[in-house]
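Here's the structure we're looking at; comments come further down.
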Amino acid sequence: MRVGGYQRVQVRDAFIFMWWHGYDQVASMSGYNPQFPPYYPNRRKVERENHDDKDDASHTGAPPVIKEHPSNVVARRNDPATLNCAALGSSRIRWFRDGEEVVTSSQDQRSHRVLLSSGSLFFLRVTATRRDSDAGTYWCVASNSYGATRSKNATLIVATLAYDFQQQADSSIKVLVGESVTLPCRPPKGTPPPEVTWLRDGHQVTNSSRISVSQDGDLIIAQAVQQDSAKYICRARNAAGARQAPPSHLTVMTPPWFEEQPSNTSVASGAGVELGCRARGFPTPTVTWRQVDGGMSLGGATIEDQRLVLQKVTVANSGVYECEAKSEAGVATARATLTVLDAPVLTQRPQHLQVIQGNEAQLRCLVEGEPEPLVLWRLPSVNRTAVLSPGHSSSHASVSDDGSTLLLHQPSTQDTGVYYCWGINSGGGVSGRAEVVVVTALPPPVVGVGPKDLTVAPGGVARFSCEVVSEAAPATVTWWYQPSAHLPSRQLSQHPHQPRFSLPENGALIIKDVWLDDAGIYSCHVTATTGSIQQEAVLNVVEDTEPKESPLLPPPPTKPRILGWNQTSVHLSWLPNSQGSKAGLHWYAVEYWRQGWSEWRVADAVITQESCVVSRLSLGHTYTFLVRAVNSQGASFPSPWSDPVSTRANPHPTLTAEQVRQVQRRLARPLVTLTKAMATAADSVILNWSFLEPVEDWVDGVLVYWMAEGGRVEVATVLGTSSTYHLHNLHPNTPYTFFIVPFLHSVEGTPSNSYHFTMPEDVPLTAPGNVRVTRQKEGSMLIEWSGVSTEEAQGEVIGYKVTLSHNGSQVTETVGTPYLETRDLLPGHIYTVRVAALTSAGTGPFSDPVVVEGQGLRRTVAAGEVLHAPPQAVWLAYLLIPLVLLLVLGVVWYLWRVRHKAPPASHTHAPPLYQDPSINMYSDHKVWRPTDSDKDSSLSSSRLLKSDQLVSEYAEPRLLLPNHTTEPYATTALLAPSPPHTSCCHPNDQSVEMQVNWAAILPPPPDSPPPDLDLGEPRQQGAAPGMCSRASQYDNVGKVDPYRRPCDADSEHTYEPYAQVIPSDRFHTFSSLQRCGDNKLCVDCHLAHPGQPPRGSTH
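Residue 179 is where the sequence shown starts when you use our numbering, and the numbers rise one by one after that.
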């Protein structure tokens, strides 16, 4: 391929010039080469065909026939093209365009139109200029000597396509999600009109339910989505080529929306807080924060990943914060309220106390915070529920209404211990501790520096020291002078008439201008409510005595600390005074006191280190210790008294005193925060908390405290580092305060923040009481009742349900007031009224029913009583009453007839029951034992009783004979119903006074025999149908004549014995008095229905 310039392509009969610009052909031209005549490879074949055709045409003598008509052709300019035309029998083919004959190369060598030998018109290059254009309508005409034939028209279209689009979309288009957008495209002018297609990121766009291309070429996108964002190109294409418009970038924008919104937050003052805000959208929105109702401290606020982070917030940071997400697609805002809680602060801590038993004492604890903290007092008790809230009290302690003061009433030694003051609110918790020691007595005063013996010269100055230490009670110092040990003493006082004696406030005695008569014994008397003590010194007045310098005593050590104790010993530790080096070498002496002692005693006089263990103490006493530094000059002023310690069991037996202090320091700061409370039922809640730092080594668990409003404090222990607890048995519709206290062994830490939660409502526990019904007028009444108390309602009573029942129907009304007026009541009818309270949780129990009768009579039905309304069908009563009366009269008449019936004349022929030894109801064969006499009969089993032994098989009343006593017995009747109009009695028998149809009176036998009853041998195989399968055990009793029952011969009924009969020789049955003259029992025998089992009854 040639790049640039031109290229000449030569064939035998023509040449073509093609001009190239780079890789694009810009022009071409062709012509015949005069040196080479046109060469047609198929010319001879065509000539032969034309010759044959001419022969055929000449033979036929007809004009040519067009075999191939030209068809429409679209060709690009400068491209070759061919219009086909073929005819039979033609001697010449000519072409015409728009009515004019086409000049071909055979006519003009410069023509680019060539008439091929086949008759087709070939265009070396299609021209389309203003002066010469090949476009038009063409047809060919084939002719011979007989005529000419014209072909069909064909159109040659020169395809053209301009470069510039008439209209195109903008280079950048932005729409919102859900909106519709149209990308316009008007293609360049061209022939034929170009086809418009759209490309999306290089791929052709196909029509869908949302995306389509209009007839004008516009791309229409309905309800745009984020995925529609792409680069779109409009492409126009026809035979002349293709054109593409500049790309258009479509951006489908999503308005800002919040994946995470800030939530209302409450934090303690000084803590850090993060307000979450995560905005999404396209393009990505910009997030800004602002404080709506105040200025934000820029120094303590930062934005991290769209979240607002505040460090060490204060109350001033409380307010409403707004997160704004903004982009080209729009603006979205979200707000949250930040509440900075001022954690409680102890403005006055409780102080350690030493209280004399029986004397009242109080501890003060002031706590401030926002919101106002709740102050609780933890008493020194193993029971961890020993917590008092404001206004509550225990046996020896009570708390003021504001909670700031704990009063101890007549405390005893059992009240000794550590008292904690807890201040809690939703911002946090704080704890203060004070140790209270209840003693039977307080330590007496102690003389720090007492008087020493002096020797002075007359006229000199004598100074006696008496510095007193009395921490338990104020002490007074007096001085007494005694000239000699056997002489009385007198009190010295400072008097204007004796200016030589002075008593300064430090308790010392100064004597100026000493006389010889001043020599003697001087005593320092110290008096306090806790005790008294005195010390003496001797003053000697001697001539020519040089004054001595005061001794240099060591400074006192620090207050001794209690490192540990048990029942008999106490471990003490102290620190030396910082000025101790000036006094030189020294040692220590420990003094101690307990109740019952009048003065302090020395526990150990020589201690060379700053600690010691004082042992051999008495169990159950309270001791106080002090330490003095001692050198060769004397003892120092005493140290401050130690805290009282009782020789009792250590409250922290698993920890040393040092470990207790470490744990107390560690648990003194907040370690846990209560985060959430969620109710799982009306009486249960789940608490969630979190630890502020790792506490695995410092916490054994937490104490979960809860307190109902105005109620007592309860506690539950949760071991380990669990962060949830499920509380049960709470009171519905009751506000509770929850807080957490961590602990290690027996040491409790600082409480967490409090969490206030109100339990959900529940159905009422009780029903409304005192239900009253007042009849107002005919057909109406007023129902009133008493409401349910707040505790029993377990919620807000929103109404009452009243049920009005009548004759099985019930109407329920719901009212909001404790009364209901009913109307349209039927007079003379009975109504039952019940009332129940209603809360948002449901309906409570109904009250006891109140019956309202027709005339307004009222009564309350007891619990469990069943109400029976009278039947309203009056006709039923009218029908039943006569029937009951007739039945009663019939029974009375029957009993009268039975009682007045005369007995038969002789009873000698009636043998006792079961005298036949072969009959044994309790033998192995029972009552079904076949006999030889029945072997040839058609019966399945023999009769067990003779005719003269026949008795009734029904339990009948026995008649007492003379000298016979009553004895319980039982008999059984087996009777079959008799068919109608069939009787087994003899109508001509006159010896029978009365014939009783027992089958008509007595109930039928049961469908099956009683349980656990052996009914004898089964029916023999081969028993004739229609015959009784078993004989009655009472048939033919005591007679030779067999008694034949009518049903034995012609009935399908079978008798099933179902009970055992206990024979008795001392009683006659009632049936023996009712026998016929021929000793045969008269009964009716009814045929049983086919397939119906016999029935019987036992009495």
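The C-beta atom is built at its ideal place from N, Cα and C for all residues, glycine as well.
Reduced DSSP category for residue i - H, G, I as helix; E, B as strand; rest coil
{"i": "Asp-696", "result": "helix"}
{"i": "Val-252", "result": "strand"}
{"i": "Arg-890", "result": "coil"}
{"i": "Glu-874", "result": "coil"}
{"i": "Tyr-341", "result": "coil"}
{"i": "Pro-622", "result": "coil"}
{"i": "Tyr-801", "result": "strand"}
{"i": "Arg-275", "result": "strand"}
{"i": "Ile-976", "result": "coil"}
{"i": "Asn-948", "result": "strand"}
{"i": "Pro-1203", "result": "The predicted position of Pro-1203 is uncertain, since its pLDDT is 39 and thus under 50; a value taken from the coordinates is nonetheless stated next. In the structure shown, Pro-1203 sits in coil (DSSP, three-state: anything other than H, G, I, E or B)."}
{"i": "Leu-1057", "result": "helix"}
{"i": "Gln-745", "result": "coil"}
{"i": "Glu-724", "result": "coil"}
{"i": "Thr-591", "result": "helix"}
{"i": "Val-989", "result": "strand"}
{"i": "Asn-416", "result": "strand"}
{"i": "Val-243", "result": "strand"}
{"i": "Thr-462", "result": "coil"}
{"i": "Ala-446", "result": "strand"}
{"i": "Gly-1068", "result": "helix"}
{"i": "Ala-564", "result": "coil"}
{"i": "Gly-601", "result": "strand"}
{"i": "Gly-1022", "result": "strand"}
{"i": "Trp-778", "result": "coil"}
{"i": "Leu-557", "result": "coil"}
Same chain, Cβ closer than 7 Å to residue i, neighbours up to 5 away in sequence not counted
{"i": "Trp-1074", "result": "none"}
{"i": "Thr-333", "result": "Asn-250, Thr-315"}
{"i": "Tyr-903", "result": "Leu-865, Val-882, Ala-894, Val-896"}
{"i": "Arg-1290", "result": "No answer is possible for residue 1290: the residues shown for the chain start at 179 and end at 1277."}
{"i": "Leu-998", "result": "Ile-961, Val-980, Glu-991"}
Anticipated Cβ contact below 8 Å, residue i with residue j, distance rounded
{"i": "Ala-156", "j": "Val-720", "result": "Here the chain covers residues 179 to 1277 and nothing more, so residue 156 does not appear."}
{"i": "Tyr-410", "j": "Arg-378", "result": "6 Å"}
{"i": "Ala-706", "j": "Pro-652", "result": "6 Å"}
{"i": "Pro-558", "j": "Gly-595", "result": "2 Å"}
{"i": "Cys-455", "j": "Val-470", "result": "Actually they are not in contact, since the Cβ atoms of Cys-455 and Val-470 sit about 14 Å apart, beyond 8 Å."}
{"i": "Thr-736", "j": "Tyr-770", "result": "About 17 Å; that fails the 8 Å criterion."}
{"i": "Ser-311", "j": "Val-336", "result": "7 Å"}
Contacting residues, own chain, Cβ-Cβ under 6 Å from residue i (five flanking each side not counted)
{"i": "His-247", "result": "Ser-329, Lys-330"}
{"i": "Pro-661", "result": "Gly-698"}
{"i": "Leu-531", "result": "Ala-539, Val-614"}
{"i": "Ala-347", "result": "Leu-361, Pro-362, Ser-426"}
{"i": "Ser-751", "result": "Arg-739, Leu-741, Ser-789"}
Min CB distance residue i to chain D below 9 Å
{"i": "Trp-693", "result": "No chain D appears in the structure shown, which is made up of a single protein chain."}
Paired residues, beta bridge with residue i - DSSP
{"i": "Gln-712", "result": "His-703"}
{"i": "Glu-548", "result": "Asp-520"}
{"i": "Cys-318", "result": "Trp-273"}
{"i": "Cys-136", "result": "Given that the chain is displayed from residue 179 to residue 1277, the structure contains no residue 136 and the question cannot be resolved."}
{"i": "Val-533", "result": "Val-616"}
{"i": "Tyr-997", "result": "Glu-962"}
{"i": "Pro-734", "result": "According to DSSP, Pro-734 bridges with nothing at all."}
{"i": "Gly-607", "result": "Ile-602"}
{"i": "Tyr-933", "result": "Phe-916"}
{"i": "Val-1013", "result": "Val-980"}
Cβ neighbours of residue i in the same chain (closer than 8 Å, five flanking residues each side left out)
{"i": "Ser-572", "result": "Leu-557, Ala-564, Leu-566"}
Inset, instruction - Pick out the complete beta strand (DSSP E) segments inside the segment 626-657, 3 residues or longer, and give them in chain order. - result: 632-634, 640-642, 645-647
Legend entry - Uninterrupted alpha helix (DSSP H) stretches inside the segment 809-843 (no shorter than 4 residues): none
Legend entry - Completely contained beta strand (DSSP E) runs for the segment 362-405, where each covers 3 or more residues: 373-378, 389-391, 397-399
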